[in-house]
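Chains as they are written, first to last, in my numbering: chain E, 1 to 203; chain R, 204 to 799. Don't be surprised by glycine CBs; every beta carbon is placed ideally from N, CA and C. In what follows, a structure is listed as structure tokens, so that the remarks can point back to it.
Here it is as structure tokens:
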């Protein structure tokens with residue numbers, strides 16, 4: 001044990017749904033590009049709900065990457081801190097995965113084990129309705145800036161990341177890395193690619 | 204007014220239409236529309252999947268050994284079970300045999316998933332359909348303690364303990380932070396528990412929240428990482444080194460001891476808390492007999508948990524395999540997933556096109572050509588549908604059928620089949636439960652029966668975990684440390700064309716992946732998931748699906764608070780954790796709640 005407060009960096013979202021993969025891709029990039037002190041755990045949280053509770057409870061600082069519908073221009077990065085991060089279902093719809101993850105935060109709070117500090121680094125998506133698609137350019141371009149913000153917070157928390165010269169650990173199977181995922185995509189002719197927005201009601 | 208008769212149900216769509224429309228993007232969207240007559244009884248039910256999702260569109264052309272990693276992502280809840288189904292499909296296609304230890308470890312992971320999913324489903328996703336959280340604030344802690352001690356010897360049961368929990372809950376509610384308890388229909392007359400039973404249940408909600416974290420560790424240890432464990436075609440990706448001291452990646456005695464103790468605690472928690480709670484809650488709802496749907500007529504299970512490796516025949520599967528049709532429990536039919544006449548998907552009422560839509564297609568020959576056209580009586584527009592026309596096409600979910608029958612899948616189906624086979628592991632707990640509640644066998648064919656079967660199965664899975672853990676230890680002690688067979692890892696050893704099927708019983712029901720491999724790449728990949736079986740639409744013959752059937756003839760206490768609809772839909776553990784928008788007959792949003 002290092003005596004430093006434990007830090008969890010969580011990428012939330014589904015990398016199979018275009019810009020919903022933003023959070024996961026950020027977490028992957030952070031793990032690959034930076035050496036991190038031992039008190040930092042970087043995790044691909046996917047669209048998991050309560051599975052993430054133990055990790056959230058164990059953390060004293062929580063930094064979340066996610067695709068967030070802030071109502072901003074597509075590709076805009078926005079950082080939300082502490083109580084501003086809406087924790088409860090029924091709150092104004094902010095994160096696209098809020099029902100799963102906000103319940104995790106609410107549950108941690110109910111058990112009295114919410115992390116002391118909470119930071120959400122969110123990017124406004126361009127495209128979601130593209131099953132099997134990857135990040136759009138405007139969102140992809142925000143991975144670097146998102147990592148910069150994350151590094152600032154980690155430094156403030158006494159866990160300064162150090163850029164790697166070698167390739168860092170991969171969070172996910174090789175087949176899911178962004179390059180392999182994009183290159184292996186079936187052609188448009190082979191695949192009906194569009195999700196269906198016809199039923200999605202606007203809030 | 205048209206009244207259509209099918210499967211013993213009378214479908215009458217003349218009453219007012221209520222729409223329950225979840226919006227979620229985890230596993231696909233589910234929307235339900237019902238017609239309610241002047242007595243507030245559901246007389247017609249329409250279940251629709253509103254999201255296009257097809258695995259073939261992302262897997263075609265990829266390496267079959269990678270498919271598990273993609274399938275693990277299609278669902279937010281049952282990651283591991285899709286991965287397991289995928290590696291089994293590839294192994295079947297390429298005739299790859301896995302070592303005994305790999306089979307045992309996969310079973311332990313699958314059983315841990317069952318336990319975790321069932322426990323979380325009961326306490327965190329479904330109990331609040333039966334338990335009124337706000338009423339718990341009115342409970343007398345002393346009486347709660349007496350109630351708890353009368354049903355179980357679980358030690359956390361003193362009046363002071365329940366008082367503490369009640370105070371915590373009060374504080375939480377008074378601060379305006381209902382948190383996970385928000386959006387309930389608290390005070391709805393369909394809630395029947397006295398305040399003390401509500402407090403006990405909410406207390407166990409919190410205990411289960413704490414305990415569920417332990418179960419997940421089994422996946423972390425065997426899968427190397429969570430929440431997306433690693434899988435491997437040919438076995439499991441974890442090495443075993445009994446003498447190792449904390450070696451990275453290898454499983455040693457310390458890790459195995461941890462798993463053993465988690466299994467013990469699972470058995471304890473389920474048998475002393477979950478199952479007694481189930482009985483206690485059920486005892487207040489004994490006359491709420493609705494929601495049986497297809498369960499008394501047509502149920503299907505592919506079976507799972509092979510006792511020894513590489514034998515997927517019915518006699519080797521510890522979770523029963525079989526099909527029951529037309530309510531004849533004396534005959535359990537054999538199920539063959541390769542037989543083109545058995546599992547078929549129909550699209551007469553789905554937004555796809557077949558050359559002949561009066562017939563279904565086996566998944567190996569599956570065709571997925573979208574055809575989004577609405578029935579003539581649809582209200583609204585193509586981009587904003589108010590009411591569907593179930594006489595036309597109305598769902599993105601295909602309608603799977605077994606030998607032409609609509610089937611229910613899930614824990615209740617598995618228990619009905621096990622019961623019909625006179626398998627004591629399934630029959631005895633059902634008989635005991637019914638005896639404790641003073642109910643006849645037919646009571647099992649209900650929403651509550653579905654919920655009860657899930658609890659019994661959680662107990663079964665915990666005890667079976669002990670069995671497989673002991674088996675693993677015996678193997679390891681005998682010197683068998685093998686966990687993977689990589690003889691056919693190299694694609695040059697594969698045939699030019701191959702096809703295979705992999706199956707599991709996911710927590711929520713039968714799951715199958717059908718794969719075709721051509722020139723070492725995936726040529727076609729079709730998954731038929733449990734929620735497709737249960738949530739699918741009508742077929743060419745007008746037969747309704749399991750969700751639709753389960754809602755029929757259920758009275759609703761308040762039409763604008765369709766607690767009963769959600770209660771029954773939740774009892775299937777539909778594969779979606781998503782917010783639901785409840786709409787009034789004119790399409791105005793009335794309330795927003797959660798459906799899972």
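- Taking residue 614/R as the centre and dropping the five residues before and after it, the same chain places the C-beta of 656, 657, 660 closer than 6 Å to its C-beta, in chain order.
- For residue 709/R, the enclosing beta strand (DSSP E) starts and ends at 700 to 709.
- Scanning 460/R, 210/R, 468/R, 736/R for the CA closest to the CA of residue 662/R turns up 468/R.
- In this structure, DSSP gives residue 186/E a state outside helix and strand, which the three-state scheme calls coil.
- Contact annotation, residue 15/E with residue 24/E: C-beta distance approximately 5 Å; criterion of less than 8 Å satisfied.
- The beta strand (DSSP E) runs lying completely inside the region 654 to 702 of chain R and spanning 3 residues or more number zero.
- Buried is the label assigned to residue 263/R, since at least 16 other Cβ atoms lie within 10 Å of its Cβ.
- A Cβ of chain E is located within less than 9 Å of the beta carbon of residue 413/R.
- A straight-line Cα-Cα distance of about 20 Å links residue 157/E and residue 144/E.
- Just measuring C-alpha positions, the residue of 442/R, 559/R, 353/R sitting nearest residue 479/R is 353/R.
- In this structure, residue 327/R lies near residue 408/R, with their beta-carbon atoms less than 9 Å apart.
- Taking a beta-carbon distance threshold of 9 Å, residue 272/R counts as an interface residue toward chain E.
- The beta-carbon of residue 419/R is placed less than 9 Å from the nearest beta-carbon of chain E.
- By the Cβ-count criterion, residue 682/R is exposed, with fewer than 16 other Cβ atoms from all chains shown falling within 10 Å of its own Cβ.
- In the DSSP assignment, residue 65/E falls within the unbroken beta strand (DSSP E) covering 61 to 67.
- Sixteen is the threshold: when 16 or more other Cβ atoms of the shown chains lie within 10 Å of the Cβ of residue 507/R, as they do, the residue is buried.
- Assignment of beta-bridge partners to residue 507/R by DSSP yields 522/R.
- Chain R places a beta carbon closer than 9 Å to that of residue 185/E, counting this residue as a contact.
- Three or more beta-carbon pairs drawn from the region 61 to 75 of chain E and the region 113 to 126 of chain E are found closer than 8 Å, and the two stretches are therefore classed as touching.
- By the criterion of a C-beta distance shorter than 8 Å, residue 482/R is surrounded in its chain by 354, 636, 639, 640, once the five residues flanking it on both sides are discounted.
- Secondary structure note for residue 213/R: its beta strand (DSSP E) is the uninterrupted segment 212 to 215.
- Interface annotation for the region 310 to 333 of chain R against chain E: 323, 327, criterion Cβ-Cβ distance under 7 Å.
- Residue contact with chain R for residue 6/E: absent (no Cβ-Cβ distance below 9 Å to any residue of chain R).
- Contact check for residue 18/E and residue 127/E: beta-carbon distance about 5 Å, within the 8 Å limit, so the pair qualifies.
- Only exposed fits residue 378/R, as fewer than 16 other CB atoms lie within 10 angstroms of its CB.
- Look at residue 124/E: its C-beta is not under 9 Å from any C-beta on chain R.
- Against chain E, a Cβ distance below 7 Å from residue 276/R picks out 14, 15, 16, 46.
- Sorting 399/R, 505/R, 597/R, 248/R by C-alpha distance to the C-alpha of residue 549/R places 597/R at the top.
- For residue 604/R, the closest Cβ of chain E is not nearer than 9 Å.
- One finds 173, 174, 175, 176, 180, 184 in chain E with Cβ atoms closer than 9 Å to the Cβ of residue 269/R, taken in chain order.
- Any Cβ of chain R closer than 9 Å to the Cβ of residue 51/E would place that residue at the interface, and such an atom is present.
- Among the CB atoms of chain E, one or more fall inside 9 Å of the CB of residue 371/R.
- Contact between the region 414 to 429 of chain R and the region 360 to 369 of chain R is absent: fewer than three C-beta pairs spanning the two stretches fall below 8 Å.
- Along the region 106 to 118 of chain E, going in chain order, the ones with a CB nearer than 9 Å to a CB of chain R are 106, 107, 109, 110, 111, 112.
- Per DSSP, the unbroken beta strand (DSSP E) holding residue 207/R starts and ends at 206 to 209.
- DSSP places residue 44/E in the strand class (E or B) of the three-state scheme.
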